[in-house]
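Below is one structure, written out as structure tokens, with a few remarks after it.
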Amino acid sequence: MPRLDRLPQLNRNNLLMLPVQVNDTTPFTVPAKPLTACRIAIVTTAGLHRRDDRPFGPGEQTYRVIPSHTPLAEIIQSHTSLGFDRVPQMRDPNISFPVDRLRELVARGELGGIAPHHYSFMGAQRDLKRIQEETGPAVGRRLREEGVELALVTPT
Amino acid sequence: MLARALETEGIATTSISMVREHTEKLKPPRALFVPFPFGHALGRPDDPALQHRVLRAALDLLAEPAGPLLRDFPDDAEPGDLPAAPAQASGIAAAAGTPEDPALETSQMRRYHEQWLARSGGRTAFGLSGVPATRFRGVVRFLQAFSAGEDADMDERPPEAPLPNFIRYCADDWKALYFEARLAMKPGVNGEDVARWFWSETAAGQVLRRVGKRLEASEDPRWKAAAFGVAR
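Protein chains in written order, with numbering that gives the first Met the number 0: chain A, 0 to 155; chain B, 0 to 231.
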């Protein structure tokens, strides 16, 4: 869904109250190679991190690095808003962090490879200034330095 | 927003969008709007075929020469009759005869949680508070004391975590223990069933309602924010 007209009033109002930046144009990078030769990373706002990493606090605009070989049992989620159902993530982390699906696409030759690291931010943020100006571009530069061409951006 | 920042650095992005109205305003370079409930970005858990369809639709946007692109994933994939967002405590009445001893109940749930761990290969949402499940009765006592208005705290609280954040992590761990225990008990249930069971039938649910009320009654915005995440 989240078609707004199907949400309970409380959730709808919470979403509509979130300040959303209005843009007229977008930056646009055409991949330099065909997908079958590109390396892909997941950049998620699901608030995931390694179990031994520091949990996200509310409104935190930093990011966590998740080595792409990290077993799913070693990943935990500190974005736990009551606005979304946590059961799908408990059952199958691929619901927001589709590492198994991406590996399958690489095995089938549909993607070139998986990045050495995935990156994670906290979701449901009101103030995004630091992500926009500092931590978001920092992750972009890291990906570029790691030879990664593509990012799949996923929410919870 | 994040996608725009990455794209500016030369990374081609494709995003999954859950709120079309926000995406229309933000204009990320490429977005696939999916008609799924919150918490279901890739469709359904344990449904690799649907997850692959979503991924393929998102990756297909990378073949387009210009943007912004906002495409809709076909509506017919909507998973069943799940509500768009889970039921909240305030909309669920406590059942008569809810167990009275949350510590005893937690010990019983731990047995089912161990079954969950055995089945999931050790995967668990439990672990934010840093207090292991074997010592979780201490967390239960702490949350009970807090809910009763006492000046409660725990030695295990890391110095960098303010009290309301730590309460939130403890509450999240308690819920994770129960939710995963319930999934081990009744493997067919969905998130809506589990939320309704937790808030109506468990002693833990009733303690967390009171924890939420105490946090909510505070003048401190950090306490109020934590309340919004514990029970609303």
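We put the beta carbon where it would ideally sit given N, CA and C, even for glycine.
Remember, predicted model here, so these are calculated numbers, not experimental data.
Neighbour flag for residue i against chain B, beta carbons, 8 Å
i, result
"residue 47 of chain A", "no"
"residue 0 of chain A", "Any answer about residue 0 of chain A is weak, because its pLDDT of 44 lies below 50 and its placement is not dependable; what the coordinates show is given next. Taking Cβ atoms only, chain B reaches closer than 8 Å to residue 0 of chain A, which makes this a yes."
"residue 61 of chain A", "no"
"residue 145 of chain A", "no"
"residue 21 of chain A", "yes"
"residue 94 of chain A", "yes"
"residue 131 of chain A", "yes"
"residue 18 of chain A", "no"
"residue 85 of chain A", "yes"
"residue 155 of chain A", "yes"
"residue 8 of chain A", "no"
"residue 52 of chain A", "no"
Proximity of residue i and residue j at Cβ, strictly below 8 Å
i, j, result
"residue 127 of chain B", "residue 57 of chain A", "no"
"residue 150 of chain A", "residue 95 of chain A", "no"
"residue 194 of chain B", "residue 73 of chain B", "no"
"residue 37 of chain B", "residue 84 of chain A", "yes"
"residue 92 of chain B", "residue 68 of chain B", "no"
"residue 194 of chain A", "residue 121 of chain A", "Residue 194 of chain A is absent from the model: chain A starts at 0 and stops at 155."
"residue 9 of chain B", "residue 143 of chain A", "yes"
"residue 100 of chain B", "residue 202 of chain B", "yes"
"residue 50 of chain A", "residue 65 of chain A", "no"
"residue 39 of chain A", "residue 4 of chain B", "no"
"residue 166 of chain A", "residue 108 of chain A", "Outside the shown range of chain A (0 to 155) lies residue 166 of chain A, about which nothing can therefore be said."
"residue 125 of chain B", "residue 132 of chain B", "yes"
"residue 39 of chain B", "residue 100 of chain A", "no"
"residue 94 of chain B", "residue 230 of chain B", "no"
"residue 102 of chain B", "residue 134 of chain B", "no"
Nearest neighbour of residue i, chosen from the options [CA to CA]
i, options, result
"residue 190 of chain A", "A/107, A/103, A/133 and A/70", "Absent from the model: residue 190 of chain A. The displayed extent of chain A is 0 to 155, so no value can be given."
"residue 33 of chain A", "A/130, A/111 and A/134", "A/111"
"residue 96 of chain B", "B/210, B/199, B/225 and B/39", "B/199"
"residue 254 of chain B", "B/27, B/162, B/118 and B/71", "No information on residue 254 of chain B is available, as it lies outside the stretch 0 to 231 that chain B covers here."
"residue 150 of chain B", "B/190, B/140 and B/89", "B/140"
"residue 63 of chain A", "A/118, A/7 and A/72", "A/118"
"residue 32 of chain B", "B/41, B/70, B/21 and B/59", "B/70"
"residue 29 of chain A", "B/64, B/35, B/18 and B/53", "B/64"
Chain A contact for residue i (CB, 8 Å cutoff)
i, result
"residue 5 of chain B", "yes"
"residue 112 of chain B", "no"
"residue 18 of chain B", "yes"
"residue 177 of chain B", "no"
"residue 138 of chain B", "no"
"residue 206 of chain B", "no"
"residue 193 of chain B", "yes"
"residue 37 of chain B", "yes"
Contacts around residue i, its chain only, beta-carbon distance under 8 Å, and the 5 residues preceding and following it disregarded
i, result
"residue 153 of chain A", "41, 42, 43, 44, 45, 95, 96 and 97"
"residue 115 of chain B", "123, 179, 180, 182 and 183"
Same chain, Cβ closer than 6 Å to residue i, five either side skipped, listed in chain order
i, result
"residue 112 of chain B", "176, 179 and 180"
"residue 209 of chain B", "146"
"residue 130 of chain B", "138 and 155"
Other residues of its chain near residue i: CB distance less than 7 Å, five sequence neighbours each side excluded
i, result
"residue 213 of chain B", "145, 146 and 148"
"residue 145 of chain A", "114, 115 and 116"
"residue 6 of chain B", "12 and 28"
Contact test: residue i Cβ vs the ligand PLP heavy atom, cutoff 7 Å
i, result
"residue 96 of chain B", "Only the bare structure without any ligand can be found here, which leaves the ligand PLP out of the picture."
Practice problem: For the segment 25-65 of chain B, list the beta strand (DSSP E) runs that are entirely contained and at least 3 residues long, ordered along the chain. | Solution: 29-32
Self-check item: 3 or more residues per run - each beta strand (DSSP E) lying fully within the segment 149-221 of chain B
Solution: none
Quiz item: If you scan the segment 73-155 of chain B from start to end, which runs of the alpha helix (DSSP H) of 4 or more residues do you find wholly inside it?
Solution: 101-119 and 135-146
Quiz item: What are the start and end residues of each continuous alpha helix (DSSP H) run of 4 or more residues lying completely inside the segment 91-127 of chain A, in chain order?
Solution: 98-106
Quiz prompt | Start-end ranges of the beta strand (DSSP E) lying completely within the segment 31-93 of chain A, minimum 3 residues | solution = 38-43, 47-49, 62-66 and 74-76
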